[in-house]
Amino acid sequence: MTAISATQPQAPQATVSQSMPADWRDFFALTKPKVMRLVVFTALCGLLAAPGSIHPVIGFTAILCIALAAGGAGALNMWWEADIDAKMKRTQARPLPMGRIQRGDARDFGLLMSGASVMIMGLAVHWLAASALAFSIFFYVVIYTMWLKPRTPQNIVIGGAAGAFPPLIGWICVTGEITLMPILLFAIIFMWTPPHFWALALWVKPDYAAANIPMMPNAAGETSTRRQSLIYSVLLLPLSIAPWIIGETGAIYGISALMLSSVFLALTVPVGLRTSVEGDGMKPEKKLFAFSIFYLFALFTALVVDRVAAGFGAFA
Numbered sequence: 015m016t017a018i019s020a021t022q023p024q025a026p027q028a029t030v031s032q033s034m035p036a037d038w039r040d041f042f043a044l045t046k047p048k049v050m051r052l053v054v055f056t057a058l059c060g061l062l063a064a065p066g067s068i069h070p071v072i073g074f075t076a077i078l079c080i081a082l083a084a085g086g087a088g089a090l091n092m093w094w095e096a097d098i099d100a101k102m103k104r105t106q107a108r109p110l111p112m113g114r115i116q117r118g119d120a121r122d123f124g125l126l127m128s129g130a131s132v133m134i135m136g137l138a139v140h141w142l143a144a145s146a147l148a149f150s151i152f153f154y155v156v157i158y159t160m161w162l163k164p165r166t167p168q169n170i171v172i173g174g175a176a177g178a179f180p181p182l183i184g185w186i187c188v189t190g191e192i193t194l195m196p197i198l199l200f201a202i203i204f205m206w207t208p209p210h211f212w213a214l215a216l217w218v219k220p221d222y223a224a225a226n227i228p229m230m231p232n233a234a235g236e237t238s239t240r241r242q243s244l245i246y247s248v249l250l251l252p253l254s255i256a257p258w259i260i261g262e263t264g265a266i267y268g269i270s271a272l273m274l275s276s277v278f279l280a281l282t283v284p285v286g287l288r289t290s291v292e293g294d295g296m297k298p299e300k301k302l303f304a305f306s307i308f309y310l311f312a313l314f315t316a317l318v319v320d321r322v323a324a325g326f327g328a329f330a
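Taking my numbering, the leading residue of the sequence shown gets 15, the next gets one more, and so forth.
What follows is the structure in structure tokens.
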């Protein structure tokens with residue numbers, strides 16, 4: 015791993031001179047709702063695709079706990095990075111840089127949500143799921159946000175594990191164990207994360223430069239970032255169809271995964287091989303980023319549809 019030195023983030027400086035009153039929408043914004051949607055969706059798919067059954071109320075509680083954990087981790091991320099967010103155009107309007115929420119309130123809000131999610135998960139579901147949930151929060155807040163992100167361009171590679179936990183947690187909520195299949199679901203998101211996030215990082219490179227964050231395009235250069243994005247996309251294709259190959263899913267998922275991953279790779283090729291960005295406004299990067307979000311939703315939808323179809327087949 016190539017490490018570069020960076021100063022520890024200091025207490026955030028609001029971009030306004032006087033605090034403004036906060037309302038529920040500001041606290042909701044702290045939870046990073048757009049990120050939470052993807053977290054909840056993949057967790058729900060992991061839960062629905064897992065073999066066995068779970069009481070609907072317990073299943074709902076499990077997904078609620080995962081949503082609370084994601085929101086709490088997001089709030090703690092914003093608490094820690096408020097000074098960085100104030101320097102970046104796409105994050106300057108967040109509640110903390112704008113002074114609508116005090117730093118301590120954001121921290122306490124995040125800790126409360128995170129702690130409650132783990133405790134409820136343990137009491138209502140089981141403690142293996144709660145332990146995995148607690149570790150995912152710790153990984154995102156401490157390992158990624160506080161340690162990796164300000165210090166190494168490999169931050170999103172290693173830190174991508176944080177976003178890969180939800181389907182694994184959803185799966186073990188039902189089964190009570192960690193087997194090869196949920197590990198594969200974890201690995202798929204882990205491998206998907208670098209080309210997904212680097213497409214955005216290439217697009218908003220000046221923002222990260224202004225905040226002195228060593229994202230791959232800023233620290234290692236665009237050429238290296240593009241080539242590594244292509245490598246991860248190539249590796250993602252066989253990994254995405256691995257559940258079908260080992261017999262854990264049927265053809266619905268397998269064919270969908272093959273088609274989706276092929277398109278993902280095709281969109282990564284022009285990003286990975288290009289040497290000039292003049293005159294096109296980063297169109298290939300924007301297309302890849304947009305499709306990468308659709309890709310994950312579609313892939314996990316196919317997983318659930320495949321499991322439902324297999325269930326109907328068993329009763330036919």
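From the three backbone atoms N, C-alpha and C, an ideal C-beta is built for every residue, glycine too. Treat the numbers as computed from the prediction; the structure is a model and nothing was measured.
Rounded to whole angstroms, what's the CA-CA distance from Pro112 to Glu299? Just pull it up for me. In the sequence shown, the residue the question calls residue 112 occupies position 98. In the sequence shown, the residue the question calls residue 299 occupies position 285. One detail in the question is off: residue 112 reads as Met in this sequence, not Pro. In this structure, the straight-line span from the alpha carbon of Met112 to that of Glu299 is close to 29 Å.
Taking only the alpha-carbon atoms, compute the straight-line gap between Glu204 and Ala215 and give it to the nearest angstrom. Against the sequence shown, residue 204 aligns to sequence position 190. Against the sequence shown, residue 215 aligns to sequence position 201. Sequence inspection shows Phe at residue 204; the Glu mentioned does not correspond to that position. So the alpha carbons of these two residues sit roughly 17 Å apart.
Excluding five sequence neighbours on each side, which residues of the same chain lie with their C-beta closer than 7 Å to the C-beta of Met15? Position 1 of the sequence shown, counting from 1, holds the residue named residue 15. A caution first: Met15 carries a pLDDT of 34, below 50, which makes its placement in the model unreliable, though a value can still be read off. Its chain contains Thr166 and Gln168 as the residues whose beta carbon lies nearer than 7 Å to that of Met15, once the 5 sequence neighbours on both sides are disregarded; these appear in chain order.
Considering only the alpha carbon of each residue, which of Leu182, Gly124, Met102 and Thr159 lies closest to Leu61? Looking up residue 61 in the sequence shown gives position 47. Taking each of Leu182, Gly124, Met102 and Thr159 in turn and checking the Cα distance to Leu61, the smallest one comes out for Leu182.
Using 8 Å as the Cβ pair cut-off and three pairs as the minimum, do the stretch 86-106 and the stretch 118-133 touch? By the Cβ criterion, the stretch 86-106 is in contact with the stretch 118-133, since at least three pairs of Cβ atoms, one from each stretch, lie closer than 8 Å.
Between Leu355 and Ala234, which are expected to be in contact by the criterion C-beta below 8 Å, what is the C-beta distance as a whole number of angstroms? The question about residue 355 has no answer here: the residues shown for the chain are numbered 15 through 330.
Compare the C-beta of Leu281 against all C-beta atoms of chain B and say whether one is closer than 7 Å. The question asks about chain B, but that chain is absent: this structure has only one protein chain.
Coarse secondary structure for Arg321, derived from DSSP in three states: Locating residue 321 in the sequence shown gives position 307, where the first residue counts as 1. Helix at Arg321.
Using 8 Å as the Cβ pair cut-off and three pairs as the minimum, do the stretch 258-265 and the stretch 225-243 touch? Contact between the stretch 258-265 and the stretch 225-243 is absent, because fewer than three Cβ pairs lie under 8 Å.
With three or more beta-carbon pairs closer than 8 Å as the criterion, would you say the stretch 191-200 touches the stretch 223-238? No, because fewer than three Cβ pairs between the stretch 191-200 and the stretch 223-238 fall closer than 8 Å, the two stretches do not touch.
On the DSSP letters alone, give me the boundaries of the alpha helix (DSSP H) that Ile172 sits inside. Your numbering for residue 172 matches position 158 in the sequence shown. Per DSSP, Ile172 belongs to the alpha helix (DSSP H) from Asn169 to Gly173.
Within its chain, find whatever has a CB closer than 7 Å to the CB of Thr189; leave out the 5 residues flanking it on each side and keep chain order. Here residue 189 refers to the residue found at position 175 when the sequence shown is read from its first residue. These residues qualify, in order along the chain: Ala64, Pro65 and Gly66.
Might you give, ordered along the chain, the residues of its own chain that have their beta carbon closer than 6 Å to the beta carbon of Ala178, omitting 5 neighbours on each side? For this step, residue 178 is matched to residue 164 along the sequence shown. Within the same chain, Ala178 has close Cβ partners Phe200, Ile203 and Phe204.
Since Ala148 and Val132 are thought to touch, with beta carbons under 8 Å apart, how far apart are those beta carbons, to the nearest angstrom? Walking along the sequence shown from the start, residue 148 turns up at place 134. Walking along the sequence shown from the start, residue 132 turns up at place 118. Correct: roughly 5 Å between the Cβ atoms.
Based on Cα-Cα distance, which residue from Gly173, Ser270, Leu198 and Ala138 lies nearest to Phe211? Taking the first residue of the sequence shown as 1, we reach residue 211 at position 197. Comparing Cα-Cα distances from Phe211 to each of Gly173, Ser270, Leu198 and Ala138, the minimum goes to Gly173.
Ordered along the chain, which non-local residues of its own chain (more than five positions away) have a Cβ less than 7 Å from that of Leu279? Here residue 279 corresponds to residue number 265 of the sequence shown, with the count starting at 1. If the five residues before and after Leu279 are omitted, its C-beta is found closer than 7 Å to the C-beta atoms of Ser247, Val248 and Leu251, all from its own chain and listed in chain order.
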